[in-house]
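Here is the structure we will look at.
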Amino acid sequence: MKLFGLKTCDTCRKALKALTEVQFLDVRDDGVPAETLMRAYEQFEGKLLNTRSTTWRELDAVERARSALDLLAEHPTLMKRPLIEKDGALFLGWDKTTQAALGVEA
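Shown next as structure tokens:
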């Protein structure tokens with residue numbers, strides 16, 4: 314299982330604490346593989362882009378108009394977190410639905 318997130322993100326820390334045998338990949342340092350990012354975008358579409366982030370607020374209108382995949386590739390911190398990959402399935406966020414799907418007790 315892989316968890317893509319930020320080491321400074323409280324939600325990612327909660328997920329890491331609850332999950333066992335997980336490989337943590339910091340999106341700032343490690344990025345997200347293009348294939349994984351493409352699959353995540355196809356599955357989650359607009360939900361993948363965090364438009365409430367500081368990074369988003371710092372972008373001008375021209376930047377914001379670019380394609381979401383281009384923005385995520387260039388600014389991985391724009392991705393909503395955590396993105397978890399388990400056995401080929403992708404999960405976004407750390408809500409009760411994700412926790413239940415991964416067999417974690419809330």
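The working numbering applies: residue 314 is where the sequence shown begins, and numbers increase by one.
Every residue gets a Cβ at the ideal spot worked out from N, C-alpha and C, and that includes glycine.
What you are looking at is a predicted structure, and each value in this text was computed from that prediction instead of being measured.
What does the alpha-carbon distance come out to for the pair residue i and residue j?
{"i": "C325", "j": "E398", "result": "13 Å"}
{"i": "R379", "j": "D373", "result": "11 Å"}
{"i": "T333", "j": "T410", "result": "18 Å"}
{"i": "T349", "j": "C322", "result": "20 Å"}
{"i": "H457", "j": "A328", "result": "Since the first and last residues shown for the chain are 314 and 419, residue 457 lies out of range."}
{"i": "D408", "j": "V375", "result": "33 Å"}
Would a C-beta distance cut-off of 9 Å place residue i and residue j closer than the cut-off?
{"i": "R365", "j": "F317", "result": "no"}
{"i": "L362", "j": "L385", "result": "yes"}
{"i": "L391", "j": "T368", "result": "yes"}
{"i": "L405", "j": "Q336", "result": "no"}
{"i": "Y354", "j": "L382", "result": "yes"}
{"i": "V417", "j": "A347", "result": "no"}
Which first and last residues belong to the beta strand (DSSP E) in which residue i is found?
{"i": "K327", "result": "No beta strand (DSSP E) contains K327, which is instead part of the alpha helix (DSSP H) from 323–331."}
{"i": "A402", "result": "402–405"}
{"i": "E376", "result": "Unbroken run through E376 is the alpha helix (DSSP H), 374–377; no beta strand (DSSP E)."}
Please report the residue range of the alpha helix (DSSP H) in which residue i lies.
{"i": "K409", "result": "409–414"}
{"i": "D383", "result": "381–387"}
{"i": "L350", "result": "347–357"}
{"i": "E418", "result": "Note, E418: premise wrong, no alpha helix (DSSP H); not H, not E."}
What are the partner residues of residue i, as DSSP defines its beta bridges?
{"i": "L362", "result": "M392"}
{"i": "K399", "result": "A402"}
{"i": "G318", "result": "D339"}
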